[in-house]
Amino acid sequence: MRLRQLPLRQPQQRLGRHSSSSYPVQSPRHMSTHPSPPRVLSSFSNPSRSRCVIHPHARPYQSHAKPIHASKLIFGQPVHETHPHLLKEGEITPGITAQEYHERRASLCRSLPANSAVLLPSATVLYRSGAVFYPFRQESNFLYLTGFSEPDSLAVLRRTGDGSDDYVFRLYCRPKNRDAEQWSGPWSGLDAARDVWNADEVGDISQVESSLADILRGVTTIFTDAELVKDGIPTKFGGLVRSAAPGAATAPLKPRVNSLRVVKGPAEIANMRRAGQASGRALTEAMRRPWKYEKDIATFLEYQYHQSGLDGQAYIPVVAGGSRALLIHYVQNNGVLDDSELVVVDAGGEYGTYITDITRTWPVSGKFTEPQKDLYNAVLRAQRSSISLCRASASVTLDKLHSITETALRDALRQLGFDVSGDALSILFPHHVGHYIGLDVHDVPGYPRNVTLKEGHCVTVEPGIYVPDDDRWPAAFRGLGIRIEDSVCVGEDSPLILTTEAAKEVDDIEALRDSMPN
């Protein structure tokens, strides 16, 4: 993994690191118009040679410790040397390089006022019952800024000046521990935090209380989204912050990071496109087959995601047959499918922690009835029209897109004999037409929908009609639920549909079942 590919800043411009190994490595962390000698690091070889590390259980930075090639070790998450089938050289997570993570941190710090710092605690391990835990998923902003995917960690960013590179990145995490890792599985340790994840300084997370005050000395504003007070009482983390920087004000970090995360770069879009392509193909393959139970579709899709090289499912899917489709987030997925009904499937996979969000509706039998087809086409026409506006040149917001979609659905429903007066549309179309997507299914929480869409925004477009089974609505459509959703990246003059492999035209869906071998 060639992490250090750019010349360093001049020595007087940067913080030094404790260095005792003979393996010089250049860093993408710092750039200068005047190349300087490569910084000597404690663990890894230079980019032109195979990378080696100090024995993981030697005392830190012992220069006489016998080097071990990184490919022979087990880290807390994949690195290129151990998982070349998942990560290319220079990548920290799939598709995202060390350089890009540095640029994200630099961009955030440039947006901060002078004498400020960022505190980012990692996510914690969550337990479903007793000692049975859920798969660990890093807190999204922590992941976005560091690429480090382990619990029991704290990232600290400190703005140090007005230059584009003037910040310090400190990463507190767990040091290597042979006995603990034998029981709990591997983690990466302090050397790797410095030399793989490019932290300027590293520390033992269990010792953070003794050093945080020095790090935050002179800071007047701390940006963090961690819970500092609960029920009027400081949390453990809140007490730590108050003790380390008693005079500093605190401010929410989320708005600062949201403005960065909401605009996706090429690598992020490529990850989402890969997830969308594989997920779309899985859904099309599901439409091709007859199914009796909702759970079988859900299981099939998750298997297909893994088979195609995705990380797995991005969220708990909705597989709703018949009138269960009127429940927007029905996730029990334990019903029987009837050939006379439609099934709504809201499902998608993820790649490199970037998600795709797709919904398709199809007839269980493989053939639409006339009422099903009429209502389906009404939703599809509205969706196609709204997708066409997902371009910067259209100057629309998500809220404006929702209003346009409502108008299209209202007109179509009126033609089908619906009384759309009063609150009709709020009943038939009760959710918003779209949301931002990215690392999270509902990405950048709190970012407003009244912002004009621009190139790099990635959103869903998901109109739906859900007809209650009562006398207010035409009898032929009662109990029908239909939603059609694609993930879309906003371009300057045209949208990029990330999920186009999922069939959605009536003729295409019906032809799929006909193409099944006998």
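Position in the sequence shown (from 1) plus 12 gives the number in our numbering. Idealized CB from N, CA, C, for every residue including glycine.
>> Strictly by DSSP, which residues pair up with Ile108?
In response: Paired residues: Thr105.
> Going by alpha carbons, who is nearest to Val130 out of Thr236, Asp358, Lys242?
Replying inline: Of the candidates Thr236, Asp358, Lys242, the one whose C-alpha sits nearest the C-alpha of Val130 is Thr236.
> What are the uninterrupted segments assigned as alpha helix (DSSP H) that are 4 or more residues long and contained completely in the region 219–294, given in chain order?
Replying inline: Runs of alpha helix (DSSP H) with 4 or more residues, each lying fully within the region 219–294, are found at 220–227, 248–256, 266–273, listed in chain order.
> For Pro133, which beta-bridge partners are listed by DSSP?
Replying inline: Pro133 has Leu166 as its beta-bridge partners, per DSSP.
> For the candidate residues Ser405, Pro457, Val253, His444, whose alpha-carbon lies nearest to that of Thr464?
Replying inline: Residue Ser405 holds the alpha-carbon nearest to the alpha-carbon of Thr464 among Ser405, Pro457, Val253, His444.
> Which residue or residues does DSSP assign as beta-bridge partners of Arg495?
Replying inline: DSSP lists Gly476 as partners of Arg495.
>> Which runs of the alpha helix (DSSP H) at least 4 residues long sit entirely within the region 401–443? Give them in chain order.
In response: Assignment of alpha helix (DSSP H) within the region 401–443, counting only whole runs of 4 or more residues, yields 410–427, 436–440 in chain order.
> For the region 287–298 against the region 352–367, are there 3 or more C-beta pairs whose distance is under 8 Å?
Replying inline: These segments touch.
> Which two residues bound the contiguous alpha helix (DSSP H) that contains Arg182?
Replying inline: It is not in any alpha helix (DSSP H) - Arg182 instead sits in the beta strand (DSSP E) that spans 179–185.
> Which whole-angstrom value is the C-beta distance of Thr417 and Ser398, which I expect to be below 8 Å?
Replying inline: Separation of the CB atoms of Thr417 and Ser398 is rounded to 5 Å, and the pair is thereby assigned contact status at 8 Å.
> With which residues is Thr373 paired in a DSSP beta bridge?
Replying inline: Thr373 is bridged by DSSP to Val356.
> Are the beta-carbon atoms of Glu112 and Ala279 separated by less than 8 Å?
Replying inline: The Cβ-Cβ distance between Glu112 and Ala279 falls below 8 Å.
>> For Val253 and Tyr478, what's the separation of their Cα atoms in angstroms?
In response: Going by C-alpha positions, Val253 is about 49 Å away from Tyr478.
> Rounded C-beta distance between Val391 and Gly333? I'm assuming under 8 Å.
Replying inline: Not a contact, Cβ separation roughly 18 Å.
>> Spatial neighbours of Pro163 within its chain, please: C-beta separation below 7 Å, excluding the five flanking residues on both sides.
In response: Setting aside the 5 residues that flank it on each side, Pro163 is surrounded in the same chain by Ser134, Ala135, Thr136, Val137, Phe148, each with a C-beta closer than 7 Å to its C-beta; the list follows chain order.
>> Can you tell me whether Ala298 is helix, strand or coil according to DSSP?
In response: Here DSSP, grouped into helix, strand and coil, assigns Ala298 to helix.
> Would you report the Cα separation of Leu256 and Gly250, rounded to the nearest angstrom?
Replying inline: According to the sequence as given, residue 256 is Ala; it is not Leu. Taking the straight line from one Cα to the other gives about 10 Å.
> Is DSSP giving Ala143 helix, strand or coil here?
Replying inline: Of the three classes helix, strand and coil, the one that applies to Ala143 here is coil, per DSSP.
> Cβ of Leu169 within 8 Å of Cβ of Cys121?
Replying inline: Yes, Cβ-Cβ distance for Leu169 and Cys121 is below 8 Å.
> Which residues in the same chain as Ile532 place their Cβ atom closer than 6 Å to its Cβ, once the five residues preceding and following it in sequence are excluded?
Replying inline: No information on residue 532 is available, as it lies outside the stretch 13 to 530 that the chain covers here.
> Are at least three pairs of beta-carbons, each pair with one atom in the region 435–442 and one in the region 408–425, less than 8 Å apart?
Replying inline: Segments in contact, yes.
> Whole-angstrom Cβ separation of Pro198 and Ile86, contact assumed at under 8 Å?
Replying inline: Contact between Pro198 and Ile86 holds: their C-beta atoms lie close to 4 Å from each other, under 8 Å.
> Is Ile496 closer than 8 Å to Lys516 when the C-beta atoms are compared?
Replying inline: Contact annotation: Lys516 and Ile496 have beta-carbon atoms nearer than 8 Å.
> So what does DSSP say about Ala332, is it helix, strand or coil?
Replying inline: Strand.
>> Under 8 Å, with one C-beta from each stretch per pair, do the region 290–298 and the region 306–322 reach the 3-pair mark?
In response: Note that the region 290–298 touches the region 306–322; at least 3 beta-carbon pairs, one per stretch, sit closer than 8 Å.
> Smallest Cα separation from Thr158: which of Gln89, Phe145, Ser123, Asp174?
Replying inline: Residue nearest to Thr158 within the set Gln89, Phe145, Ser123, Asp174 is Gln89 (criterion: CA-CA distance).
> Three or more C-beta pairs closer than 8 Å, one from the region 203–221 and one from the region 170–181: is that the case here?
Replying inline: Contact annotation: the region 203–221 touches the region 170–181, with at least three C-beta pairs closer than 8 Å.
>> Using CA atoms only, rank isn't needed, just tell me which of Val518, Asp505, Thr247, Gln427 is closest to Lys379.
In response: Lys379 has its Cα closest to that of Val518, out of Val518, Asp505, Thr247, Gln427.
>> Is it buried or exposed, Ser161, if we count other Cβ atoms within 10 angstroms and call 16 or more buried?
In response: Per the 10 Å Cβ criterion, buried.
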